[in-house]
Structures are given as C-alpha cells and as structure tokens.
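Residues 9 to 398 (this note's numbering) make up the sequence shown, in order. Here is the structure we will look at.
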Amino acid sequence: MVLPSSSDWLPSAPGTRTRFEITIKHPRDFELFGQGIQSTEPMAGGLAQTHWSYQGSGASSISLYGGLGYVKRELKIGGTTITLAVEPRDGDCLDTMAKQVDTILKSFSPLGVYPYPQLRIVETGFASGNGNLSNLTVNRVGNDVVSLTMLAHEMAHSYFAGVVPQDFSKGLWAEGLAEYASSWCLDQTEQAEKRKEWSQTYARLDPNDDCPVPQASNGPGKVRSAVLYRKAALIYSALADRVGQRAMDQALKSFIEERRGQPSTWDDLFRVFTRTLGPEHADWAKTWLTRTGAPDLQFKDATVSAGVFSGNLVQTANPPFTGVVEIGFQDGSGETKIEHLSFALQNTPFCFKVPPGTKRIILDPDYRLPRQYDPKSDPVKGHICVIPWI
9 MVLPSSSDWL PSAPGTRTRF EITIKHPRDF ELFGQGIQST EPMAGGLAQT
59 HWSYQGSGAS SISLYGGLGY VKRELKIGGT TITLAVEPRD GDCLDTMAKQ
109 VDTILKSFSP LGVYPYPQLR IVETGFASGN GNLSNLTVNR VGNDVVSLTM
159 LAHEMAHSYF AGVVPQDFSK GLWAEGLAEY ASSWCLDQTE QAEKRKEWSQ
209 TYARLDPNDD CPVPQASNGP GKVRSAVLYR KAALIYSALA DRVGQRAMDQ
259 ALKSFIEERR GQPSTWDDLF RVFTRTLGPE HADWAKTWLT RTGAPDLQFK
309 DATVSAGVFS GNLVQTANPP FTGVVEIGFQ DGSGETKIEH LSFALQNTPF
359 CFKVPPGTKR IILDPDYRLP RQYDPKSDPV KGHICVIPWI
C-alpha cells in the first residue's frame, strides 16, 4: 500500500512537517514492512503489533507492504540496520543482494553516511522498484531478484527525495540524480554500457514528444523514461566530465547538506551548482536540462591525409548546443585513444593527428553526451569513419 502525497487524504500547509505514527495489529506470521523506525511486538492469540514512526517534510508519501513466508536477512553496515526480505523461491539470492547493498552504500560514500538508521528492501510483485526512503521494494528481473542499478537508483532516493524532499508542484528533479548515482556502483566498462542504454533510450524518443527535462515530470511514461531519467543522467555525467568527479561529488554533497529537510526545486539545485561549480558550469547544465532536444552531432567532409584527420563537426540545432565531445581513435584490437573537441557552432572545424594502427574514428565512443541520432543504424551515419587505408 502506498499513500502518495499527491492524493487528497493528507492535508498540508507551507512550512509544515508531516509526522506519521502508525500501529497495525496482524497475525504473527504475517510480516509487515513500512517506512521510518519500525518495531514489532508479539501479542496474545497469535497476533503481533507493528508500529512505525516517521517524520517527513511537507506532504510526504508513506508505504506499507506485507505478506506471508518472507525469507529474511539482516545486515549491519555502518550505522544502518538493513533487512532484506524475499519470497521463499528467491531465498538463494540473499547473498547476492547483501553484496549488492554493500557495494552500493560504498559507492554513495561521497554523499556522506547513509542517512537512515533502518533500511528495508522487500521483494514484491510490482512491475518496477519503488523507493520510499527507508522502505524500498524490488521486483524480479529475469533470474535475479533485482538488478544492481535498479536497487542503487531506489537507494539513491534516500538522499535525493529523502534527505532533500522534492517540491512536487515544481517538477521531479530527483529522478535524474538518482539514475546518475545508480551508475557509481559499476566499473568503467559497465558505466559505459549504462550510458549507452541511457543514450539509445533517449535517441529512440520521437522528437515530437521531446521536452525540457523539468517538464517531463508530467509527461507519459516513455517521455519520463527517456528524458526525466536517462537524458538527465547523461547531462549530470557530462557535467562531472567537465568539472571533475570530485567537484561533482562535493556539489551534490553540498546540495544535500544545505537543503536537508527543505522541499526543493530545480532552481535550488541550480543555485548550489552555481556556488560550488561556478556560473559557467551551472549555466551549461541548466541550458541542457531546460532546453528541448540535443545536438545531432556528425562528422562532415571528414578525410584522413598524411596521418591527419580533418573535417567539420556539424549540428543543425539553432542556437547551437555547446559542449565537449570525445573522438575515439580505435585500432584493430579495439583499443581506443580519446581526444576531445569543443563545439559551440553549427560547424566546428577540427584537425587531429591519427595514431598509428587506427582502423575506426568514432564520435562519442563512450556515449558521454545526449545526442540525437538513429540508434538502429550501425554504424550511425556521421558517427563512425571507417579508415581502411591506415
């Protein structure tokens, strides 16, 4: 059961905080999982009583889940007690889930210690995960109970939408940040694959359905998936490339510390970016997040002569997007040397020395920018130059 803050059951007023004190009596073998600090006491007659105490900010959602026969594992990581609960058929997945949680919490260390003393992760029959602060649900994915990055996304909401709640009336800024942070638990190769999935999902979106990231909060599912989650995550990843990962981590940590307990908006996020990263980088991120579309970057008139790769990087967007794109020089073994090209015009001339042994020259080989292209084409026109004569 989820009682969403968007429903009319919960009155709210500006500047107020919602406090839940919920007690449910139930059969002793029927286990309940909820939000906040949870305790269960046995009662006479085969009953038990479970109590939750939770204080949110403004109008908060609360979630309750229950069922029979859960197989459980309890972990203590740092100052957090973690309960994993799955259906009996999935009991052999608990070891894997425990390792996943440990990996994810370590990857979140740049944001500070995990903010809640209790965390419950419960398998349900729902179609997807649901992150409600200290009470998360996961769904079965193939032969696994949960994918690593889906679990990481929901756990990231403990910071983004948890410690810093969202002002729902002004757009869902937390989804893109949670999706971006979900990739931190992956190695570099896996992160590149994750960015590829983000990039291709966004590229498949019909341009007529595209919109600025903040407006995607109210869009249909395909738009939220492509824009609110994946395009936004790519922009945050590109911002980290621009400023450095340490600076990006510190900016997000500052956002959490400064906005703790305060319903926050996109503008609050941009203000922290401006102070921590500088106006230039904050304005770049704001432009890409609040503008419809992405550049359709392509090579044009590209040639290799005397060991030099030259030509033009073009885009049709007007005004042009600005940024930095990687160019990969790949040899026959798949090893790739990266060069960087800044662009701010519809036509950007370039000239690079080609490393010996190069067989292919690839634009944005690790999918580090949102771009508009046809993901069904392989190679994408203007994306890969095959250089057979080198």
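All C-beta atoms, glycine included, are put in the ideal place defined by N, C-alpha and C. Computed from a predicted model, the values in this text were never measured in an experiment.
Around the beta carbon of Met256, a 10 Å sphere encloses 16 or more other beta carbons of the protein chains shown; the residue is thus reported as buried. According to the DSSP assignment, His165 belongs to no beta strand (DSSP E), since it is labelled neither H nor E.
Assignment of beta-bridge partners to His59 by DSSP yields Thr31 and Ser47. In the DSSP assignment, Tyr210 falls within the unbroken alpha helix (DSSP H) covering Gln196 to Ala211.
Under DSSP, Ser350 forms a beta bridge with Val332.
Assigned with DSSP and collapsed to three states, Asn226 falls in helix. Boundaries of the beta strand (DSSP E) harbouring Thr311: Gln306 to Ser313, taken from the DSSP string. When DSSP reads this structure, Thr91 sits in a beta bridge with Glu82 and Arg128. Remark: C-beta atoms of Ala200 and Tyr381 do not approach each other more closely than 9 Å. Look at Pro357 here: in three-state DSSP terms it is strand. Contact check for Ile45 and Ser61: beta-carbon distance about 5 Å, within the 8 Å limit, so the pair qualifies.
For Tyr244, the enclosing alpha helix (DSSP H) stretches over residues Ala240 to Val251.
Taking a cut-off of 8 Å on C-beta distances, the region 248–263 does not touch the region 210–221, as fewer than three cross pairs fall below it. By a beta-carbon distance limit of 8 Å, Leu349 does not contact His289. Their separation comes to about 18 Å. Between the region 26–36 and the region 51–60 there are three or more C-beta pairs closer than 8 Å, enough to call the two in contact. In the structure shown, Glu39 falls within a strand segment according to DSSP collapsed to helix, strand and coil. Approximately 15 Å separates the beta-carbon atoms of Ile90 and Cys193; this is outside 8 Å, ruling out the contact. Exclusion of the five residues before and after Pro328 leaves Pro303, Phe351, Ala352, Leu353 and Gln354 as the residues of its chain whose Cβ lies within less than 8 Å of its Cβ.
Taking 9 Å as the cut-off, the beta carbon of Leu119 is found closer than this to the beta carbon of Ala189.
Boundaries of the beta strand (DSSP E) around Phe317: Val316 to Val322. Ranking Trp296, Leu285, Ala234 and Asp276 by CA distance to the CA of Gln258 puts Leu285 first.
Met51 counts as exposed, since fewer than 16 other C-beta atoms from the protein chains shown sit within 10 angstroms of its C-beta.
Going by DSSP, Leu72 is part of the beta strand (DSSP E) stretching over Ile70 to Leu76. Separation of the CB atoms of Ile335 and Glu343 is rounded to 15 Å, and the pair is thereby denied contact status at 8 Å. By the criterion of a C-beta distance shorter than 6 Å, Val251 is surrounded in its chain by Leu285 and His289, once the five residues flanking it on both sides are discounted.
Ranked by how close their Cα comes to the Cα of Lys367, the residues Phe337, Lys84, Leu213 and Val94 have Phe337 in first place.
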